[in-house]
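*Asks:* Under the numbering used here, the sequence shown has 1067 at position 23, and the numbering climbs by one with no breaks. Dropping the structure in here first, questions after.
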Amino acid sequence: PTPRVESLRQALADRDADVQRRALVGLARCEGSAAVDVLIRIAGSEEAKASLRGQACALLARHGMAAPSLSPAQREGAHRAAGTALIDLLRDPQADDRHAAALSQCLRGFADAGDLADLPVLIEAAGAESPATVRQLAFAAIGSVCGRPTPPPAAGPGAGSGRSASIPAKIQ
């Protein structure tokens, strides 16, 4: 990475959460899909602050879930990390307003770039135990995902990401 991008990576360890979030946004904008591995690591990290994990989830949606420049395995990793961040944030017993903002960012990311294989995570987020705002955003994401045209199945063995294999037949 260039010295500028390296300074963004170093700022991810800053003691101020807002500096971390802004550095993460800068890194994603400067590196695009090349930052996906960093975003996956942060979204899946239980040690990262809720606001940073939510930001990573939203950025994964923008730069990782559907990025054609990434391999199917990297796109799958982006979906999985974003789903993990979403569920972990939902289940955190110390949830507060920062969690709600992080959940909102993450769910908006799923609405923008999620696919049918993300429905189990979104349905869990829409559960009755979730706050009303989270349920509303989860149902909006479900509507967005289900309203998207589905790509035709890829031809040949091993083609595509394999994500549709876990989609219930009723939804297909």
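Ideal placement from N, C-alpha and C gives every residue a C-beta, glycine not left out. All values derive from a computational prediction rather than experimental measurement.
#1: Since I believe Leu1056 is in contact with Ala1072 (beta carbons under 8 Å), could you give me their beta-carbon distance rounded to a whole number of angstroms?
#2: For the putative contact between Ile1084 and Gly1121, defined by C-beta atoms under 8 Å, what is the C-beta separation to the nearest angstrom?
#3: Return the CA-CA distance between Ala1146 and Leu1114, expressed in angstroms with no decimal places.
#4: With H, G and I counted as helix, E and B as strand and the rest as coil, what does DSSP make of Glu1168?
#5: Can you check whether the CB of Gly1070 is closer than 9 Å to the CB of Leu1096?
#6: Throw me the rounded Cβ distance for the Asp1132 and Glu1090 pair, which I believe falls under 8 Å.
#7: Among His1123, Leu1130, Ala1117 and Gly1076, which residue has its Cα nearest to the Cα of Lys1093?
#8: Ordered along the chain, which non-local residues of its own chain (more than five positions away) have a Cβ less than 8 Å from that of Ala1102?
#9: Measure the Cβ-Cβ separation of Ala1185 and Ala1155 and say whether it is below 9 Å.
#10: Locate the alpha helix (DSSP H) running through Asp1159, then write down its first and last residues.
#11: Taking 7 Å as the limit between beta carbons, can you name the residues of its chain near Ser1077, skipping five residues before and five after?
#12: Only counting the same chain, and skipping five residues up and downstream in sequence, which positions put a Cβ closer than 6 Å to that of Ala1199?
#13: Who are the near neighbours of Asp1220 in its chain, counting only those whose CB is closer than 7 Å to its CB and skipping five residues on each side?
#14: For the alpha helix (DSSP H) holding Arg1097, just list the boundary residues, first then last.
*Replies:* This is what the structure holds:
#1: About 11 Å; that fails the 8 Å criterion.
#2: Contact flag correct, Cβ pair sits at about 5 Å.
#3: Whole-angstrom Cα-Cα distance: 25 Å.
#4: In this structure, Glu1168 counts as helix in the three-state DSSP scheme.
#5: The beta carbons of Leu1096 and Gly1070 sit no closer together than 9 Å.
#6: Going by Cβ atoms, the distance from Asp1132 to Glu1090 rounds to 7 Å, so yes, they are a contact pair.
#7: Measuring C-alpha to C-alpha distances from Lys1093 to each of His1123, Leu1130, Ala1117 and Gly1076 identifies Leu1130 as the nearest.
#8: Closer than 8 Å at Cβ, skipping near neighbours: Gln1149, Cys1150, Arg1152 and Gly1153.
#9: Ala1155 is positioned such that its CB atom lies closer than 9 Å to that of Ala1185.
#10: It is not in any alpha helix (DSSP H) - Asp1159 carries neither H nor E in the DSSP assignment.
#11: So the list reads His1107, Gly1108, Ala1111, Ser1113 and Leu1114, once near-sequence residues are dropped.
#12: Any reading at Ala1199 must be qualified, since the residue scores a pLDDT of 45, below 50, and its modelled position is unreliable; no value is offered.
#13: Examination of residue 1220 is not possible in this model, given that the chain is present from 1045 through 1216 alone.
#14: DSSP places Arg1097 inside the alpha helix (DSSP H), whose first and last residues are Ala1094 to His1107.
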